[in-house]
């Protein structure tokens, strides 16, 4: 048994409903996108939001972070951006030898 009781499930659903209501006070429209983002959050997965400029992708994620009390950071992707530019990597340093 996974330990999920109907009461815990109802509490989780109520919390998700409060989160969605908080987001909707700032983010209006794009209902399918909001539902997909919340599904990804609950599933513990990763999301890649793609779309034309001005559709509210950044606003949605910024609002979600604010409602959850998290820090929001944005990375502007460019054609030459490498994963190590974000995560860091080893750097060679010239020593005294």
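Residue numbers (our numbering): 34 to 130.
Using N, Cα and C, we set each Cβ at its ideal position, and we do this for glycine too.
Values in this document were obtained by computation on a predicted structure and should not be read as measured data.
| query | result |
| --- | --- |
| Short Cβ contact (9 Å threshold) for residue 100 with residue 52 | yes |
| Minimum Cβ-Cβ distance from residue 71 to chain B less than 9 Å | Chain labels in this structure do not include chain B; a single protein chain is all it has. |
| C-beta atoms of residue 97 and residue 74 nearer than 9 Å | yes |
| Among 89, 104 and 109, the one whose alpha carbon lies nearest that of residue 57 | 89 |
| Where the alpha helix (DSSP H) through residue 70 begins and ends | 64 to 76 |
| Whole-angstrom C-beta distance between residue 92 and residue 70, which should lie under 8 Å | Not confirmed; about 12 Å, so no contact. |
| Boundaries (first-last residue) of the alpha helix (DSSP H) holding residue 42 | 39 to 57 |
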